[in-house]
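**Q** Shown below is the structure under consideration.
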Amino acid sequence: MLEVVGLSRIHITLVDLSGDYGRLDGGVGIALSRPRIRVRVGNCEKPPEWVPFPIPGYCVMEDYEEHVGLGHTTQFRLALAKLSAEYNFVRTSAVELAKLVKRGGTSGVGVHAFDKGGFVVDGGHSKKVKPESLPSDYSTAPPPPLIARFDFPWKVYIVNPRGGRRVFGQEELEAFRRFKQNDAGEVAMVVFMKLVPSVAERDLEEALEAIRLLQNMGFKRLEWSLQTEEVREVARMAERKGFVLGLSSFGPTLYTLVGSNKEGEELISTFGGEVVEPNNVGARVIWRGD
9 MLEVVGLSRI HITLVDLSGD YGRLDGGVGI ALSRPRIRVR VGNCEKPPEW
59 VPFPIPGYCV MEDYEEHVGL GHTTQFRLAL AKLSAEYNFV RTSAVELAKL
109 VKRGGTSGVG VHAFDKGGFV VDGGHSKKVK PESLPSDYST APPPPLIARF
159 DFPWKVYIVN PRGGRRVFGQ EELEAFRRFK QNDAGEVAMV VFMKLVPSVA
209 ERDLEEALEA IRLLQNMGFK RLEWSLQTEE VREVARMAER KGFVLGLSSF
259 GPTLYTLVGS NKEGEELIST FGGEVVEPNN VGARVIWRGD
């Protein structure tokens, strides 16, 4: 039996949607061990037409919700693409598979997380290949290059609050089209001079401070504006208790980094959710003889 064990991801921020320096997007995020997608070859479902190599069918063994800020579309498509490639003994990269299933046209976090796991930063798209700011569902650009990757050292708390909005499709497209960024330099400074080195040096306090700052900057500020009062109130309540909650992509999933079991237990007892391990290896392929 052939199986692919995938993952989910936190999307921390996009860096630059202004394109003033010749590039757009620039994604930063974390691969998570759970929730995850597990698929195997089987006769449960017929493969969608976008699956790049022939398989007789597939079965979904584990899955998670779409449009909650955890990158489901990219992870599901890559998992099935990887399954089809392995079934046909095609050895190819996650980036090449992403091109075949048309993912990674905005952020490359999901693609590079699937490939290598960990904390990943991509370099965005040249305006030569992507002249305007568009979400992945509407972009034909290839995945952007990976420019930084570290094993992620902390557990991650995630919660999907009740009453949150799921932003996708036309609403997401309109958000990209109307956003005008004037603080890309500041976002880049927080990402590259605070968040990235804090992960490299395993400085949890600085990493959390960077996440706190990013919530009120750049495209993240717009993403927060599209969320509900219920989601914003959870973040405010957490802040009053001394926790920093970030919004993953458009949400409604919120996250923070936890340095102890006690912190995780307090968050879960107050807001629900769960504490998960980072995924520092990427997706896995399993061949079994049964």
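Residue numbering for the sequence shown follows this note's numbering, starting at 9 and increasing by one per position.
Note that CB positions come from ideal geometry on N, CA and C, so glycine has one too.
Treat the numbers as computed from the prediction; the structure is a model and nothing was measured.
Going by alpha carbons, who is nearest to Gly-250 out of Glu-271, Leu-230, Gln-235, Val-59?
**A** If we check each option's Cα against that of Gly-250, Glu-271 comes out closest.
**Q** Between the alpha carbons of Leu-108 and His-133, how many angstroms are there, rounded?
**A** Near 18 Å, if we compare the C-alpha coordinates of His-133 and Leu-108.
**Q** When the Cα atoms are used, what is the spatial distance from Arg-85 to Glu-238?
**A** One C-alpha to the other measures close to 31 Å.
**Q** Take Gly-280 and list the residues in its own chain whose beta-carbon comes closer than 7 Å to its own, dropping the five residues that flank it on each side.
**A** If we look at Gly-280 and ignore the five residues flanking it on each side, its Cβ neighbours are Val-167.
**Q** For Trp-162, count neighbouring C-beta atoms within 10 Å of its own C-beta (all shown protein chains included) and say buried if the count is 16 or more, exposed if not.
**A** Buried, because 16 or more other Cβ atoms sit within 10 Å of the Cβ of Trp-162.
**Q** Just mark Ser-268 as buried or exposed, buried being the case when its beta carbon has 16 or more other beta carbons within 10 Å.
**A** The residue is exposed, with fewer than 16 neighbouring Cβ atoms inside 10 Å.
**Q** If you draw a straight line from the alpha carbon of Phe-160 to that of Tyr-29, how long is it in whole angstroms?
**A** Taking the straight line from one Cα to the other gives about 29 Å.
**Q** Could you tell me the alpha carbon to alpha carbon distance between Val-117 and Asp-130, rounded to whole angstroms?
**A** Their backbone Cα atoms lie some 7 Å apart in a straight line.
**Q** Indicate the three-state DSSP secondary structure (helix, strand or coil) for Lys-163 in the structure shown.
**A** In the structure shown, Lys-163 sits in a strand (DSSP, three-state: E or B).
**Q** If you scan the region 55 to 82 from start to end, which runs of the beta strand (DSSP E) of 3 or more residues do you find wholly inside it?
**A** For the region 55 to 82, whole beta strand (DSSP E) runs of length 3 or above, ordered along the chain, are 66 to 70.
**Q** Cα-Cα, which of Glu-180, Phe-176, Ser-115, Pro-143 is closest to Pro-153?
**A** With distances taken between Cα atoms, Pro-153 lies closest to Ser-115.
**Q** Count Cβ pairs between the region 51 to 68 and the region 221 to 239 that sit closer than 8 Å; are there 3 or more?
**A** Taking 8 Å as the limit for Cβ pairs, the verdict is that the region 221 to 239 does not touch the region 51 to 68.
**Q** Starting from Leu-154 and walking both ways along the beta strand (DSSP E), at which residues does that stretch end?
**A** Segment 154 to 158, the beta strand (DSSP E) holding Leu-154.
**Q** Tell me, which residues are paired with Ala-93 by DSSP?
**A** Note: Ala-93 sits in no beta bridge, so no partner.
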